[in-house]
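Asker: Shown below is the structure under consideration.
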Amino acid sequence: MEDLDAGPTEGEEEALFNKATAYLQTLASNLPQDKLLHFYARYKQATEGPCNIPKPGFFDFKGKQKWEAWKSMGDMSKDNAMLEYVNAMREADPEWELKADSEKGGGSSSSWVRVSTLQQQPDDVTKDEDKNHFDWVKENNVEKVKKLERGKIMEKDENGMTLLHWAADRGHQDMARYLLEQKLDVNARDSEGQTALHYAASCGHLDVVRVLLRHGGDPTIQDAEGLQPEECAEETDVKMIFKNL
């Protein structure tokens, strides 16, 4: 592997950065949120410079996290942002360059097997034996959730989010449908007054919005900011669903 201390040329540094950004797609599902935000902030800094957009509203939890991560980069140069991105990739997977070359060259399924070994790294992801019902919903593991006792299905996390909130946030249509079949309150609110419909609308998950509405999701509920689900939506097709109610 190339010695970073030797210092790649400007062209080589950008090529390595571009290679790393492409390879991240094979790791994204195995990385925790904080790692993804780390990559996101440096990608935006490297490609667009310092944060140049307004801070999202409070209801946009994901958008605010991404904005804050990018904003934290301050005036870091694009070259340094590229360097930190590549360094982070090496920390996530020391052999990523070899794997990226292998996938590009032949598309062998063995490369995907090697990538899956990242699931065994405790610093990057939660081990299977340590996962709980919220993790299962985030991963769309319906079979695991079906084995839960009713008390577990009804639990909320530290932010007041139910399993249905997480299914809506991740866009898991089948998971949302199953939870609703178990009589999970479709209009339950988190600590900020947001329902699963707020999450699905904000994230642009059209199919989940439809499922929630069919099961009695109330589009008139306002969150702590006084916003209804329709007002959280950015996608045109999602907005149209609410307008056509």
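The numbering of the sequence shown is my numbering, which starts it at 849 and goes up by one.
Think of the CB as a built atom: it goes at the ideal place given N, C-alpha and C, for glycine as much as any other residue.
1. Taking only runs that begin and end inside the stretch 1003-1055, name each unbroken beta strand (DSSP E) of 3 or more residues, in chain order.
2. Can you give me the Cβ contacts of Asp1005 inside the same chain, cut-off strictly under 7 Å, excluding the 5 residues immediately before and after it?
3. Closest to Arg1025 by C-alpha separation, out of Val993, Lys1091, Asp1085, Lys910, would be which residue?
4. Would you mind giving the Cβ-Cβ distance between Asp1022 and Val990, rounded to the nearest angstrom? I have them listed as a contact below 8 Å.
5. From Leu1028 to Ala1044, what distance separates their C-alpha atoms?
6. Measure the alpha-carbon distance for Ile1001 versus Leu1011 and round it to whole angstroms.
7. When the distance is taken between beta carbons, is Val985 closer than 9 Å to His1020?
8. Just verifying my parser: in three-state terms, what is the DSSP assignment at Leu875?
9. So, for Tyr933: in the same chain, excluding its five sequence neighbours on each side, which residues have a beta-carbon less than 7 Å away from its beta-carbon?
10. Is Lys912 near Lys903, with beta carbons less than 9 Å apart?
11. I'd like the list of long-range same chain contacts for Val1059, defined as Cβ closer than 8 Å, with 5 residues on each side in sequence excluded.
Answerer: Short version:
1. none
2. On the sequence shown, residue 1005 is found 157 positions in, with the first residue counted as 1. Cβ neighbours of Asp1005 beyond the five flanking positions: Phe982.
3. Here residue 1025 corresponds to residue number 177 of the sequence shown, with the count starting at 1. Nearest of Val993, Lys1091, Asp1085, Lys910 to Arg1025, Cα basis: Val993.
4. Locating residue 1022 in the sequence shown gives position 174, where the first residue counts as 1. Locating residue 990 in the sequence shown gives position 142, where the first residue counts as 1. Yes, they are in contact, since the Cβ atoms of Asp1022 and Val990 sit about 6 Å apart, within 8 Å.
5. Residue numbering aside, residue 1028 sits at position 180 when the sequence shown is read from its first letter. Residue numbering aside, residue 1044 sits at position 196 when the sequence shown is read from its first letter. Leu1028 and Ala1044: Cα-Cα distance of roughly 11 Å.
6. What you label residue 1001 is simply residue 153 of the sequence shown in a count that begins at 1. What you label residue 1011 is simply residue 163 of the sequence shown in a count that begins at 1. When rounded, the distance between both Cα atoms is 7 Å.
7. Here residue 1020 refers to the residue found at position 172 when the sequence shown is read from its first residue. Here residue 985 refers to the residue found at position 137 when the sequence shown is read from its first residue. Yes, these two residues count as a Cβ contact at 9 Å.
8. Counting from one through the sequence shown, the residue named residue 875 turns up at place 27. The answer is helix: DSSP assigns Leu875 an H, G or I state.
9. Working through the sequence shown from its first residue, we reach residue 933 at position 85. Answer for Tyr933: Phe865, Ala868, Phe887, Arg890, Tyr891, Ala894, listed in chain order.
10. Residue 912 sits at position 64 when you count from the first residue of the sequence shown. Residue 903 sits at position 55 when you count from the first residue of the sequence shown. Yes, they are a contact pair.
11. Looking up residue 1059 in the sequence shown gives position 211. Once the five neighbours on either side are set aside, the close Cβ partners of Val1059 are Gln1021, Ala1024, Arg1025, Leu1028.
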